[in-house]
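Since the structure comes first, as C-alpha cells, the remarks are kept for the end.
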Amino acid sequence: MKKNKPNMNTIEPFFQKIASLTRLQRILICFATVVLLAGAFGFFLYKPKIDRMTTLRSDIASEERKLERTRRSAQEYDLYKEKMEEARAQFEIVSRELPGTEEIPSLLTSISHAGNAAGLRFLLFQPQSESEKDFYAEIPIRMELTGTYHEFGSFLDRLARLSRIVNINNCSTQGQNDSLRINCTAVTYRFIGDQASQD
C-alpha cells in the first residue's frame, strides 16, 4: 500500500503567494497566525481550567458562608443552652414552692394553724375541686372566719411567710372592727409536672 506523499505542486503556489507579499503583510500574517494559535490554545486548554477555578472559588465562598453560619449557630447554641439552664433553675425554684400531691394535707394544716395563731376562728374551711393548668393545679379553699382586722392582717402576714404559695381572693367582710365575719378563698397550687411526665 502506497503512502500518500504531499504534492509539492499544490504547496508551492501557496509559498509563492506568501513570497510575493510585502514584508508588512507577511509580518501581519505571522502575527495573526500566532494570535489565532494562542487563542485556540487558550480556549481549548486554559478556558476549562479557568471555568473550573471559577466554580471552585464559588464553592469555596459558599462553604465559607456555611461555615460562618455554623459558627454563629454554635455561638447561639451556647447562649440558648445558658438560657435553658437559667430557665430550668428558675423552674426548679418555682416548682419547690408548689407542693406535690402528698404535701397538700400538711399545707392545708399550715393554713389552718396560721389562722388559729393569728387569733381567728374558723367557721368554714372547705377545700374545693382543683382545676388543672399547664404544669400545676389550682386548689381553692373556701374559708369563713371571725376575728378583728388586726387578726386578719396577722393571718395574711403568716400566709405570706409560708414556704408555699397561697393567695387570698374574693375577700369580703361583715360586721364591726372588733368582730368581723370574713369570707374569702385561699388559693394554693399543686405541681403536676412530674405526674404529666409519667403519663
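If you read the sequence shown in our numbering, its first letter stands for residue 957, the second for the next number, and so on.
Ideal Cβ placement from N, Cα and C applies to all residues, glycine included.
Keep in mind it's a predicted model, so treat the numbers as computed, not measured.
- Boundaries of the alpha helix (DSSP H) harbouring LEU984: 979-997, taken from the DSSP string.
- When secondary structure is reduced to three states using DSSP, THR1011 falls in the helix class.
- Inter-segment contact for the stretch 1116-1124 and the stretch 1139-1147 is present: three or more beta-carbon pairs are separated by less than 8 Å.
- Distance from the CA of LEU1136 to the CA of PRO1061, rounded to the nearest whole angstrom, comes to 27 Å.
- DSSP places ILE1124 in no alpha helix (DSSP H) but in the uninterrupted beta strand (DSSP E) bounded by 1122-1131.
- Residue pairing of ARG1114 in beta bridges, as defined by DSSP: absent, with no partner found.
- LEU1064 sits in a helix when the DSSP states are folded into three classes.
- Burial of MET1099 is indicated by the presence of at least 16 other C-beta atoms within 10 angstroms of its C-beta.
- For PRO1083, the pairing in a beta bridge is given by DSSP as ILE1097.
- With a cutoff of 9 Å on beta-carbon distance, PHE1081 and LEU1064 are scored as near each other.
- PHE1091 carries a coil assignment under DSSP once its states are collapsed to helix, strand and coil.
- Excluding sequence positions up to five before and after LEU1112, its CB lies within less than 7 Å of the CB of ILE1124, all in the same chain and listed in chain order.
- Residues of the same chain with a CB within less than 7 Å of the CB of ILE1148, apart from the 5 flanking positions on each side, are GLU1088, PHE1091, TYR1092 and ALA1093 in chain order.
- Between GLY1131 and GLU1107, the C-beta spacing is not below 9 Å.
- ARG1027 and GLU1020 have their C-alpha atoms roughly 10 Å apart.
- Between ALA1030 and GLU1041, the alpha-carbon positions lie close to 16 Å from each other.
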